[in-house]
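Engineer: Questions regarding the structure given below will be posed in turn.
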Amino acid sequence: MSVAASKTGGRVLGGYFVLLAIFLYAPLAVMIIFAFDDSFVQTLPWSGFTTKWFHNAFSNEELIDSLKRSVWIGIVAAILATLLGLITAVGMTAHKLRLRGALTALVLLPLVIPYIVLAVGMLILLNWLGLQRTLLAVLIGHVAVSVPYCLLIILPRLRTLDQAIVDAARDLGASPWTAFRRVTLPLVMPALFASALIAFTISFDEFAIASFLVPPGEPTYPVYVYTGARTPALQPQILALGSVVVVASLVIVVGAELFRTRAERRLVV
Amino acid sequence: MSAATSASRPRASLFERLSAPGRGWLTVPAIFFLLAVFIFPLVLIGLYSVNLLTNRFGVPTNFSLVNWESFLPPGDNVFWGRFKSSMVITLLVSVLAVIAAYPVAYFLAFVARKRRYTLLLLILAPFFTSYLLRVIAWKVILANNGVINSVLWQLGLREHGDGVTWLIYSWFAVGLVLFYSWVPFVALPIYVVLENLDTRLLEAAQDLGAGRFRTFFRVTLPLSLPGVIAAFVFVLIPTTGEFIAPLLVGGPDSSMFGNTIQSFFQETPNWNYGAVLAMWLIAVVLVLVLLFGRFLSTDLRESKATT
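Next up, the structure:
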């Protein structure tokens, strides 16, 4: 018998949990249901089953190009943010670190500054430098907003690492670099993987910064989706490709999380 | 490794000498990167807000607080009004999200037992799918001939074609979508606190004669307050600058402060006035961080490294 909830109380809480889970998944289900709806307008009753919106979406070059753009920016941003996160995290494990407080504030700042302000800031910066809006600026912005998350994932993993293992490698004659590459790096691999995945997700989904910085005619996927959602003729295609993206990201997030917990359980002796 | 062992090691290589006293120099690239991408642009926004820079042709670039004076009270500024209504909806969403998430966290921590990890993953997973796509899904649900209205028509509860008008392009729609997107995430900090709660305290309270409700309100709830406040701030801070949900499900009267800033940089470019609003938003967020920052403790804040 639990001290925290009676049997009835437990059931009520369980029922509430189920209702909330339904509330959380209902919009995703609605998106998928209407992706297969024959009608142009998303309304009930359902007009009949069709897969034409998927065909339309996949043959809509602008849409697919925007998707490719976002995948590429996401991959590069994930790699750069994770590398920068790893380097910075190793630096932050130093014993003596001058201005640790100021440094911590600086690297965590992007977590609290609203994206709209970051976007405006980067727009002004480009203007000040006399540059046009480019996808490179979008990439830089995405790396910047991802780095704090990468740090928050990598740093705790580095800190919980058993220093004795690294010391053992050093005593056996390994150089600091070899010890890092052969001992530390494999041990933080699951964290690096998680960090890259988070950075990719952030970049792939990021709308605010991209909407300010994409050059005309080269939208990222979220920017195109936003335009599509305000164009009734495009909406069914947006829902069709959106369903694919949502299902894919659910599978990846759950899969990666299961993989990570298993990998870390094996590594923690 | 202790400082003594590394100092006693003979023949230090260049790499070793660079890294021996500390690896702190490895933080330098990130510092320069963030200074260039964040801090410097904030300085530029600051210069725009006092007219030392401008994007408008023919406007002199002399120091002037005219835009600040126009925006800040006293004076009945329309954008100040927008800021106030925006903050009201932000506070409301934050409070409601925390209240709705608390029982979920409680359920996971005390009732779900073995399956709690799987169930936690189940409710967190939607949070990692595209925010924009989830807002669009809500648009389909709330639209004038969308899911809710067409169900009402099918059930004969309303005349066909006569939709509930406040469902979309309203504060209701904006608030609902924001609430929806934050609930799973705010359950997390509350869950962490409850999970680490010493259940012997609850047993002690009940041994001393307190019922479950009394135990909850006198012991569990007060002890979980740090998680509750953290959850509240987790919603409050990002929602203060929100502008995506109002773009899609908000109407002309239900746009947020973030949309006002956006309009000054996109539709009707007046970067000087927009910069004032952006600076104000940063100031508000920084005050919130200073007030509540200690509840958002992370590993990064540890004063001393463990290695």
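Heads up: the protein sequence lines correspond to chains L and V, in order. Counting in our numbering, the final residue of the first sequence is number 269, and the numbers go up one at a time with none missing. Counting in our numbering, the final residue of the second sequence is number 1307, and the numbers go up one at a time with none missing. Even glycine gets a Cβ: it sits at the ideal position worked out from N, Cα and C.
In terms of residues, what are the limits of the alpha helix (DSSP H) holding Val1289(V)?
Structural biologist: By 1-based counting over the second sequence, the position of residue 1289(V) is 289. Per DSSP, Val1289(V) belongs to the alpha helix (DSSP H) from Trp1271 to Phe1292.
Engineer: For a contact defined as C-beta to C-beta under 9 Å, what are the partners of Ile1261(V) on chain L?
Structural biologist: Here residue 1261(V) refers to the residue found at position 261 of the second sequence. Those within 9 Å of Ile1261(V) in chain L are Pro114, Ile116, Val117 and Val120.
Engineer: Alpha carbon to alpha carbon, how far is Ala1173(V) from Val1249(V)?
Structural biologist: The sequence position of residue 1173(V) within the second sequence is 173, counting from 1. The sequence position of residue 1249(V) within the second sequence is 249, counting from 1. Taking the straight line joining both Cα atoms gives about 6 Å.
Engineer: Ignoring anything shorter than 4 residues, give me the alpha helix (DSSP H) runs that lie fully in the stretch 1169–1225 of chain V, in order along the chain.
Structural biologist: Counting only runs of 4+ residues, the alpha helix (DSSP H) found wholly inside the stretch 1169–1225 of chain V occupies 1171–1195, 1199–1207 and 1212–1215, in chain order.
Engineer: Taking 8 Å as the CB-CB cut-off, is Thr178(L) touching chain V?
Structural biologist: Looking up residue 178(L) in the first sequence gives position 178. By this cut-off, Thr178(L) is not an interface position.
Engineer: Tell me the rounded alpha-carbon separation between Ser1049(V) and Ala263(L).
Structural biologist: Translated into the one-based positions of the second sequence, residue 1049(V) becomes position 49. Translated into the one-based positions of the first sequence, residue 263(L) becomes position 263. Distance between the alpha carbons of Ser1049(V) and Ala263(L): 50 Å.
Engineer: Is Phe40(L) helix, strand or coil by DSSP?
Structural biologist: Within the first sequence, numbered from 1, the residue matching residue 40(L) stands at position 40. Looking at Phe40(L) - three-state DSSP - the assignment turns out to be coil, as it is neither helix nor strand.
Engineer: Does Thr8(L) come within less than 8 Å of chain V when only Cβ atoms are used?
Structural biologist: By 1-based counting over the first sequence, the position of residue 8(L) is 8. No, its Cβ sits nowhere closer than 8 Å to a Cβ of chain V.
Engineer: With a threshold of 8 Å between beta carbons, is Thr1061(V) in contact with chain L?
Structural biologist: For this step, residue 1061(V) is matched to residue 61 along the second sequence. Not closer than 8 Å to any Cβ of chain L, the Cβ of Thr1061(V) fails to qualify, so no.
Engineer: For Ala5(L), tell me which candidate among Gly1211(V), Asn1196(V) and Val1284(V) has the shortest Cα-Cα distance.
Structural biologist: By one-based count along the first sequence, residue 5(L) stands at place 5. Nearest C-alpha to Ala5(L): Gly1211(V).
Engineer: Straight-line CA distance for Ser66(L) to Phe1110(V)?
Structural biologist: Position 66 of the first sequence, counting from 1, holds the residue named residue 66(L). Position 110 of the second sequence, counting from 1, holds the residue named residue 1110(V). Their Cα atoms are separated by approximately 45 Å.
Engineer: Can you pull out the residues from the stretch 193–207 of chain L whose beta carbon lies closer than 7 Å to at least one beta carbon of chain V?
Structural biologist: Those residues of the stretch 193–207 of chain L placed with their C-beta closer than 7 Å to a C-beta in chain V are Thr201, Asp205 and Phe207, ordered along the chain.
Engineer: Determine the direct distance from the alpha carbon of Thr184(L) to that of Gly173(L), and round the result to whole angstroms.
Structural biologist: Translated into positions along the first sequence, residue 173(L) becomes position 173. Translated into positions along the first sequence, residue 184(L) becomes position 184. So the two alpha carbons sit approximately 15 Å from each other.
Engineer: Is the CB of Pro216(L) under 8 Å away from at least one CB in chain V?
Structural biologist: To locate residue 216(L), count along the first sequence from 1; it is residue 216. No, no contact with chain V.
Engineer: Check each residue of the stretch 93–110 of chain L: if its Cβ is closer than 8 Å to any Cβ of chain V, include it; give the result in chain order.
Structural biologist: Thr93, Ala94, His95, Lys96, Leu97, Arg98, Arg100, Leu103, Thr104, Leu106, Val107, Leu108, Leu109 and Pro110
Engineer: Quick one: is Ser1130(V) near chain L, going by C-beta distance under 8 Å?
Structural biologist: As a first step, residue 1130(V) must be located in the second sequence, where it is residue number 130. With 8 Å as the cut-off, Ser1130(V) counts as an interface residue toward chain L.
Engineer: Please report how far the alpha carbon of Pro1060(V) lies from the alpha carbon of Asn1051(V), in whole angstroms.
Structural biologist: To locate residue 1060(V), count along the second sequence from 1; it is residue 60. To locate residue 1051(V), count along the second sequence from 1; it is residue 51. Taking the straight line from one Cα to the other gives about 8 Å.
Engineer: Val138(L): which of Leu106(L), Ala102(L), Phe204(L) and Ala194(L) sits nearest, CA to CA?
Structural biologist: Mapped onto the first sequence, residue 138(L) falls at position 138. Comparing alpha carbon positions, the residue from Leu106(L), Ala102(L), Phe204(L) and Ala194(L) closest to Val138(L) is Phe204(L).
Engineer: Going by C-alpha to C-alpha distance, which of Ile1168(V), Leu1155(V), Val1078(V) and Pro1073(V) sits closest to Pro1246(V)?
Structural biologist: Taking the first residue of the second sequence as position 1, residue 1246(V) is located at position 246. Closest option to Pro1246(V), Cα to Cα, is Ile1168(V).
Engineer: Nearest to Leu1223(V) by alpha carbon, out of Thr1239(V), Gly1241(V), Leu1236(V) and Leu1201(V)?
Structural biologist: Taking the second sequence and counting its residues from 1, one reaches residue 1223(V) at position 223. The shortest C-alpha separation from Leu1223(V) is found at Leu1201(V).
Engineer: Using a Cβ-Cβ cut-off of 7 Å (strictly less than) and excluding sequence neighbours within five positions of Leu1178(V), which residues of its own chain qualify?
Structural biologist: As a position in the second sequence, residue 1178(V) is number 178, starting the count at 1. Correct list, in chain order: Val1093, Thr1239, Glu1242 and Ala1245.
Engineer: Less than 8 Å between the beta carbons of Ile209(L) and Trp1271(V), yes or no?
Structural biologist: Numbered from 1 along the first sequence, position 209 holds the residue referred to as residue 209(L). Numbered from 1 along the second sequence, position 271 holds the residue referred to as residue 1271(V). Cβ distance not < 8 Å, so Ile209(L) and Trp1271(V) don't count as in contact.
Engineer: Indicate the three-state DSSP secondary structure (helix, strand or coil) for Phe49(L) in the structure shown.
Structural biologist: For this step, residue 49(L) is matched to residue 49 along the first sequence. Residue state, collapsed to three classes: strand.
Engineer: Which two residues bound the contiguous alpha helix (DSSP H) that contains Ile1136(V)?
Structural biologist: Position 136 of the second sequence holds residue 1136(V). Per DSSP, Ile1136(V) belongs to the alpha helix (DSSP H) from Tyr1131 to Leu1142.
Engineer: If you pair each beta-carbon of the stretch 1061–1072 of chain V with each one of the stretch 1271–1281 of chain V, do three or more pairs fall below 8 Å?
Structural biologist: yes
Engineer: Below 9 Å between beta carbons is the criterion; list the residues of the stretch 127–138 of chain L that meet it against any residue of chain V, in chain order.
Structural biologist: Asn127 and Trp128
Engineer: If you draw a straight line from the C-alpha of Thr50(L) to the C-alpha of Gln42(L), how long is it?
Structural biologist: Numbered from 1 along the first sequence, position 50 holds the residue referred to as residue 50(L). Numbered from 1 along the first sequence, position 42 holds the residue referred to as residue 42(L). So the two alpha carbons sit approximately 13 Å from each other.
Engineer: Taking Cβ positions only, does Arg47(L) come closer than 8 Å to chain V?
Structural biologist: Reading the first sequence from its first residue, position 47 is the one you call residue 47(L). Position check: residue 47(L) holds Ser in this sequence, whereas Arg was assumed. No, its Cβ sits nowhere closer than 8 Å to a Cβ of chain V.
Engineer: Is the beta carbon of Asn1149(V) closer than 8 Å to that of Val1164(V)?
Structural biologist: Here residue 1164(V) is taken as the residue at index 164 of the second sequence, counted from 1. Here residue 1149(V) is taken as the residue at index 149 of the second sequence, counted from 1. Result yes, Cβ atoms of Val1164(V) and Asn1149(V) sit closer than 8 Å.
Engineer: Taking just the CA atoms, how far does Asp162(L) sit from Pro1021(V)?
Structural biologist: If you number the second sequence from 1, residue 1021(V) lands on position 21. If you number the first sequence from 1, residue 162(L) lands on position 162. Reliability fails at Pro1021(V), whose pLDDT of 49 lies under 50, so the model's placement of it is uncertain and the value that follows must be treated cautiously. Approximately 20 Å between the Cα atoms of the pair.
Engineer: Apart from the five residues on each side of it in sequence, which residues of its chain come closer than 8 Å, Cβ to Cβ, to Leu1197(V)?
Structural biologist: For the purposes of this step, residue 1197(V) is identified with residue 197 of the second sequence, where counting begins at 1. For Leu1197(V), where only same-chain residues beyond five positions count, the Cβ hits under 8 Å are Ala1109, Thr1220, Leu1223 and Ser1224.
Engineer: Secondary structure at His1160(V), three-state DSSP: helix, strand or coil?
Structural biologist: Taking the first residue of the second sequence as 1, we reach residue 1160(V) at position 160. Correct three-state label for His1160(V): coil.
Engineer: Consider the Cβ of Ser70(L): report whether some Cβ of chain V lies at a distance smaller than 8 Å.
Structural biologist: Position 70 of the first sequence, counted from the start, is the residue given in the question as residue 70(L). Cβ-Cβ to chain V under 8 Å: no for Ser70(L).
Engineer: Give the interface partners of Tyr1048(V) over in chain L, defined as CB-CB distance under 8 Å, in chain order.
Structural biologist: On the second sequence, residue 1048(V) is found 48 positions in, with the first residue counted as 1. Neighbours of Tyr1048(V) on chain L, chain order: Ile124.
Engineer: Pull up the CB-CB distance for Phe1257(V) and Ser1086(V), whole angstroms please, since I reckon it's below 8 Å.
Structural biologist: Taking the first residue of the second sequence as position 1, residue 1257(V) is located at position 257. Taking the first residue of the second sequence as position 1, residue 1086(V) is located at position 86. Right, their Cβ atoms sit about 4 Å apart.
Engineer: Output the distance between the C-alpha atoms of Thr1298(V) and Arg1158(V), rounded to the nearest integer angstrom.
Structural biologist: Taking the first residue of the second sequence as position 1, residue 1298(V) is located at position 298. Taking the first residue of the second sequence as position 1, residue 1158(V) is located at position 158. In this prediction, Thr1298(V) has a pLDDT of 47, which is less than 50 and means its spatial position is unreliable; what the coordinates show is noted afterwards. Their backbone Cα atoms lie some 51 Å apart in a straight line.
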